[in-house]
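Engineer: Going letter by letter, the sequence shown gives residues 14 to 320 in my numbering.
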Amino acid sequence: MKGKLNRIQPALQISILFTLFVIFNVVYSLLLLVLFPLLSGGVSFQEIQHLKPNQTQLLALAKWAQMGYSLFAYLLPALLFAHLTSHESTSQYFSLDRNPAPAQTTIATMVMLVALPLVGALSVWNQTWPLPESLIKTEKDLEEMTKIFLSGNSIGVLIINLLVVAIAPAISEEFLFRGAMQKVCNQWFKNGWVAVIITAAVFSAIHFQFLGFMPRFLLGILLGAIYLLSGNLWLSIIGHFVNNGLGVLTMYLVNKGMVGDAATKEQLLPWYTLIGSAVFTTGLMFLLQKVSKRKNNDGSFTVRYDN
């Protein structure tokens, strides 16, 4: 069974990956419809949008359900796809068989932090898009739900929120999008940067949050570029975790009263800050490529991604 579909065309492989994603999503949704009411005392999963911060047990159950969704609907399809389409081991297929060098990890982290002004500017612009009122209301409701989801100011809650919102999605989504989809798109189009852009667009669109499409699209490009230039999926996982984890940590500090609520709002910074962000982000990408190639030459790091 392993590698049985490795000879089929990349376009068909993408179709298989998408089909697996849909199937696993449907199966998990059906499981939630049946199991969540049994575990929550009769509360359906759809009702969690009306959760209150003081409903701690139900909130905890919703968090575990969300983490289960990340693992079941994103990670499992990627793992099964790799099993069906490659004779390599899982670690080799997903470029996880080499630990990143400290310099690479530092640079990847800095890329995500230095690019924040650009992400914020795109978010502010995206908010001005003329979307239907019903869609805007849905996304505002989701934003309020996210605040409730991240409520609490204890260290225990912070750790759980990091696990659910930062660690699980970083691993699962990077396996599916960068580890599987971007790899196959590169084989299809014979161009690594085209693969990065296409994968980033799908990555953003599949979240169905169109008031945040552009900033998430940019994040997808950054994560894809990190993988493309380094050949190591660990680095894009780390970058994804840094981005999500920063949001979780910010909400924790707001809940503790250590920073104001304004810290959670995206702001449009001066133009020179945005130019500086773009220049330094680009420079860090070149540095990451240089460091990765140097590590490859001395034998301690191998770029596995096909350019």
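Virtual Cβ for every residue (Gly too), placed ideally from N, Cα, C. Just so you know, these numbers come straight off a predicted model, no measurement behind them.
Are the CB atoms of residue 25 and residue 78 within a distance shorter than 8 angstroms?
Structural biologist: No, the Cβ-Cβ distance between residue 78 and residue 25 is not below 8 angstroms.
Engineer: How about residue 239 and residue 121: are their beta carbons less than 8 angstroms apart?
Structural biologist: It is a contact, given that the beta carbons lie within the stated cut-off.
Engineer: Decide if residue 285 is buried, meaning its Cβ has at least 16 other Cβ atoms within 10 Å, or exposed.
Structural biologist: Exposed, since its Cβ has fewer than 16 Cβ neighbours within 10 Å.
Engineer: Using only alpha-carbon positions, find the residue among 93, 48, 71 and 36 that is nearest to residue 16.
Structural biologist: When each option's Cα is compared against that of residue 16, the closest is 93.
Engineer: Does the structure place the region 279-297 close enough to the region 124-136 that three or more beta carbon pairs sit under 8 angstroms?
Structural biologist: Yes, the region 124-136 touches the region 279-297.
Engineer: Measuring alpha carbon to alpha carbon, tell me which of 232, 223, 176 and 222 ends up nearest residue 190.
Structural biologist: Closest option to residue 190, Cα to Cα, is 232.
Engineer: Take residue 33 and list the residues in its own chain whose beta-carbon comes closer than 7 angstroms to its own, dropping the five residues that flank it on each side.
Structural biologist: Closer than 7 angstroms at Cβ, skipping near neighbours: 90, 93 and 94.
Engineer: Is the Cβ-Cβ distance between residue 187 and residue 288 less than 8 angstroms?
Structural biologist: Against a cut-off of 8 angstroms, the Cβ pair of residue 288 and residue 187 comes out as no contact.
Engineer: Is the CB-CB distance between residue 255 and residue 237 below 8 angstroms?
Structural biologist: Cβ distance not < 8 angstroms, so residue 255 and residue 237 don't count as in contact.
Engineer: Tell me where the alpha helix (DSSP H) around residue 20 begins and ends.
Structural biologist: Taken as a continuous stretch (DSSP letters only), residue 20 belongs to no alpha helix (DSSP H), as it is neither H nor E.
Engineer: Taking only three categories from DSSP, how would you classify residue 120?
Structural biologist: Helix at residue 120.
Engineer: Using a 10 Å radius around the Cβ and a threshold of 16 neighbouring Cβ atoms, would you call residue 30 buried or exposed?
Structural biologist: When all chains shown are included, residue 30 counts as buried.
Engineer: In angstroms with no decimal places, state the Cα-to-Cα distance between residue 149 and residue 110.
Structural biologist: C-alpha separation (whole angstroms): 43 angstroms.
Engineer: Give the single residue among 160, 18, 27 and 266 whose Cα lies nearest to the Cα of residue 193.
Structural biologist: The option with the nearest alpha carbon to residue 193 is 27.
Engineer: Decide if residue 196 is buried, meaning its Cβ has at least 16 other Cβ atoms within 10 Å, or exposed.
Structural biologist: With 16 or more Cβ atoms within 10 Å of its Cβ, residue 196 is classed as buried.
Engineer: Counting Cβ pairs, one atom from each stretch, are 3 or more of them under 8 angstroms apart for the region 176-187 and the region 199-207?
Structural biologist: Touching, no, given that fewer than three Cβ pairs across the two stretches are closer than 8 angstroms.
Engineer: Expressed to the nearest angstrom, what Euclidean distance is found between the alpha-carbon atoms of residue 144 and residue 86?
Structural biologist: One C-alpha to the other measures close to 28 angstroms.
Engineer: What's the gap between the Cα of residue 64 and the Cα of residue 164?
Structural biologist: Going by the C-alpha atoms only, they are around 11 angstroms apart.
Engineer: Ignore the nearest five residues each way along the sequence and tell me which others in residue 317's own chain have a CB closer than 7 angstroms to its CB.
Structural biologist: Model confidence at residue 317 stands at a pLDDT of 45, short of 50, so the residue's coordinates are unreliable; what they give is reported in the following sentence. Contacts found: 108 and 244.
Engineer: Excluding five sequence neighbours on each side, which residues of the same chain lie with their C-beta closer than 8 angstroms to the C-beta of residue 257?
Structural biologist: Same-chain partners within the cutoff: 178, 179, 182 and 183.
Engineer: Contact check, residue 162 vs residue 76 under 8 angstroms by CB: the rounded distance?
Structural biologist: The pair is a contact, with the Cβ atoms about 7 angstroms apart (cut-off 8 angstroms).
Engineer: Rounded to the nearest angstrom, what separates residue 291 and residue 142 at their Cα positions?
Structural biologist: Their Cα atoms are separated by approximately 23 angstroms.
Engineer: Would you grab the beta carbon distance between residue 241 and residue 123 for me? Rounded to a whole angstrom, and I think it's under 8 angstroms.
Structural biologist: Actually they are not in contact, since the Cβ atoms of residue 241 and residue 123 sit about 17 angstroms apart, beyond 8 angstroms.
Engineer: Leaving aside the five residues before and after residue 38 along the sequence, list all residues of the same chain whose C-beta is less than 8 angstroms from its C-beta, in chain order.
Structural biologist: Hits under 8 angstroms: 86.
Engineer: Suppose only complete runs of 4+ residues qualify. What are the alpha helix (DSSP H) ranges in the region 25-97, listed by chain order?
Structural biologist: Runs found: 69-83.
Engineer: Identify, in the order they occur along the chain, each residue of the same chain with its Cβ nearer than 8 angstroms to the Cβ of residue 117, setting aside the five sequence neighbours on each side.
Structural biologist: Excluding positions up to five away in sequence, the list reads 243, 245, 248, 301, 304, 305, 308 and 314.
Engineer: Keeping to the same chain, check which residues put their C-beta closer than 6 angstroms to that of residue 18; ignore five residues upstream and five downstream.
Structural biologist: Contacts found: 97 and 98.
Engineer: Report the CB separation of residue 139 from residue 224 in whole angstroms; it is logged as a contact under 8 angstroms.
Structural biologist: With 8 angstroms as the limit, residue 139 and residue 224 qualify as a contact, their Cβ atoms being about 6 angstroms apart.
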